[in-house]
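Here the protein sequences line up with chains A and B, keeping their order.
Residue 501, in our numbering, is where the first sequence stops; the numbers in between run on with no holes.
Residue 23, in our numbering, is where the second sequence stops; the numbers in between run on with no holes.
Think of the CB as a built atom: it goes at the ideal place given N, C-alpha and C, for glycine as much as any other residue.
What follows is a single structure, written as structure tokens, with notes after it.
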Amino acid sequence: DVANKIMDFVVNGSAKGQTYNRLALFTDTFGNRLVGTQNLENSIDFMLDQLKKDGLDNVHGENVTVPNWVRGNESAMLLEPRRYNLIMLGLGSSVGTPPEGITAEAIVVSSFDELTNRSSEVPGKIVVFNQPWVSYPVSVAYRDFAAVHTAQLGGVASLVRSIAGFSIHSPHTGWQDYSDKVKKIPTACIAVEDAEMLARMAARGTKIVIQLKMQAKTLPQSISRNTVAEVAGSVHPEQVVLVSGHLDSWDVGQGAMDDGGGAFISWQALSVVRQLGLRPKRTMRMVMWTGEEVGGVGSLQYYQRHKANASNYDLVMESDMGTFTPYGIEMRGSNDTLEILKSIVELLGPVNATTFRKGEDGLDVSYWEKDGVPGGSLLNHNEHYFWFHHSDGDTMSVQDPHSMDLCAAVWTVVSYIVADLDNMLPRN
Amino acid sequence: KSLLKRPNYDLQKIKEEIASYK
Chain A
74 DVANKIMDFV VNGSAKGQTY NRLALFTDTF GNRLVGTQNL ENSIDFMLDQ
124 LKKDGLDNVH GENVTVPNWV RGNESAMLLE PRRYNLIMLG LGSSVGTPPE
174 GITAEAIVVS SFDELTNRSS EVPGKIVVFN QPWVSYPVSV AYRDFAAVHT
224 AQLGGVASLV RSIAGFSIHS PHTGWQDYSD KVKKIPTACI AVEDAEMLAR
274 MAARGTKIVI QLKMQAKTLP QSISRNTVAE VAGSVHPEQV VLVSGHLDSW
324 DVGQGAMDDG GGAFISWQAL SVVRQLGLRP KRTMRMVMWT GEEVGGVGSL
374 QYYQRHKANA SNYDLVMESD MGTFTPYGIE MRGSNDTLEI LKSIVELLGP
424 VNATTFRKGE DGLDVSYWEK DGVPGGSLLN HNEHYFWFHH SDGDTMSVQD
474 PHSMDLCAAV WTVVSYIVAD LDNMLPRN
Chain B
2 KSLLKRPNYD LQKIKEEIAS YK
């Protein structure tokens, strides 16, 4: 009854509250952890030390070349029709403004289509995007490409309504993408409330003038590290079940939800197996990725380094969509693999997480799909995830100790049993 | 590099193996 033993140990036993407490110590000590900062590297050193003290095997860092974008001071001052400091956050990779800022009249649009239809109005203007919230995958296109679309039509800067379904006047940052063929212009997110206010002003025909100042700059690339630890397999140590989350975060909030929770339930999966004295037949490997927030560069470079051994990767799992109350697992793989994993998820009745869904996995483990490696992620009640995502609200107060225990139980049972089965999961 | 392919595995047997973890 190993599955029940694991769940009881995590939820009711001496590991109760351990995941939350470990994450709280980590985030309270280091705060947010943007790639390129010494603080992130200090937090990785701390983790390597903690993982060794936890008795895990093969604890080490693996170097990753990462972008080094620095925010600097920034502001967006509404000058007309009244002076008002718009609540904003520059977007990752954005260029800065000249020291005196960019002062220009603004137009407000609600979609890329509207921008195209009003292209004659764009030259020399700051474009404000007040796109409605649809869903993250849909709405995030505005954060990603507002600058490119604006610059293509001669705009001088873009301000994007934060990609969030709910707001208490909080700006949300995130990465954005330039095109090599289009002039790079400054771009930032503004609070939902401010985007809506500007849209109301524009609808009334009111002239809007904004002064945008951003000191953002991109420094030469630097070196960060993926953080790796293992429970070595007893029979097939070369074969790997990988669990993961990312350790880097944005430079606002504390990165407790995104993705401290995912990183620390992954540590807990290995830690619980070690604490219970279990030894699966194949190796359980935990990776805390670096550089996820700037485009998944840590996981991509890990894949490039290890893909020659893809035939030995049994399952890759990532948690990067919250560690709220879990209800199951989402998996990608062959039909027979899904059947097998569904049987494992059925063991999760004691933590009420028996939902099994065929679906997508996360960015950081997606690279393995082309090699046929099954992938998976955690299903949890993350309906409010984007309330906090990439904002100052991403703190330990979002996390709940019991929910994190339940997530850790799910993560441990699934990864341990797959690692301990007599055979690897079948592939197409 | 060719990947593992196991055409001869017994799915029912694997399910019974998993049930033993309960």
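Between the CA atoms of residue j and residue i - distance to the nearest angstrom
i	j	result
residue 431 (chain A)	residue 418 (chain A)	12 Å
residue 97 (chain A)	residue 475 (chain A)	14 Å
residue 148 (chain A)	residue 197 (chain A)	19 Å
residue 100 (chain A)	residue 195 (chain A)	43 Å
residue 302 (chain A)	residue 446 (chain A)	20 Å
residue 137 (chain A)	residue 12 (chain B)	40 Å
residue 284 (chain A)	residue 152 (chain A)	7 Å
residue 87 (chain A)	residue 232 (chain A)	49 Å
residue 462 (chain A)	residue 237 (chain A)	8 Å
residue 241 (chain A)	residue 319 (chain A)	27 Å
residue 465 (chain A)	residue 246 (chain A)	10 Å
residue 313 (chain A)	residue 123 (chain A)	22 Å
residue 408 (chain A)	residue 75 (chain A)	26 Å
residue 131 (chain A)	residue 424 (chain A)	31 Å
Per DSSP, cross-strand counterpart(s) of residue i
i	result
residue 284 (chain A)	A:150 and A:176
residue 262 (chain A)	A:162 and A:233
residue 134 (chain A)	A:300
residue 356 (chain A)	A:313
residue 429 (chain A)	A:402
residue 319 (chain A)	A:362
residue 139 (chain A)	A:295
DSSP state of residue i mapped onto helix, strand, coil
i	result
residue 277 (chain A)	coil
residue 92 (chain A)	helix
residue 399 (chain A)	strand
residue 100 (chain A)	helix
residue 157 (chain A)	strand
residue 206 (chain A)	coil
residue 382 (chain A)	helix
residue 106 (chain A)	coil
residue 451 (chain A)	strand
residue 254 (chain A)	coil
Cβ of residue i within 8 Å of any chain B Cβ
i	result
residue 402 (chain A)	no
residue 74 (chain A)	yes
residue 425 (chain A)	no
residue 85 (chain A)	no
residue 77 (chain A)	yes
residue 495 (chain A)	yes
residue 409 (chain A)	yes
residue 416 (chain A)	yes
For residue j and residue i, believed in contact at Cβ under 8 Å, the rounded distance
i	j	result
residue 263 (chain A)	residue 228 (chain A)	Not confirmed; about 15 Å, so no contact.
residue 260 (chain A)	residue 345 (chain A)	In fact, because the Cβ distance is near 43 Å, the residues do not count as touching under 8 Å.
residue 166 (chain A)	residue 288 (chain A)	About 14 Å separates the two Cβ atoms, so there is no contact after all.
residue 364 (chain A)	residue 143 (chain A)	Actually they do not touch by this definition, with Cβ atoms about 15 Å apart.
residue 362 (chain A)	residue 368 (chain A)	No, residue 362 (chain A) and residue 368 (chain A) are not in contact; Cβ-Cβ is about 11 Å, not under 8 Å.
residue 403 (chain A)	residue 449 (chain A)	6 Å
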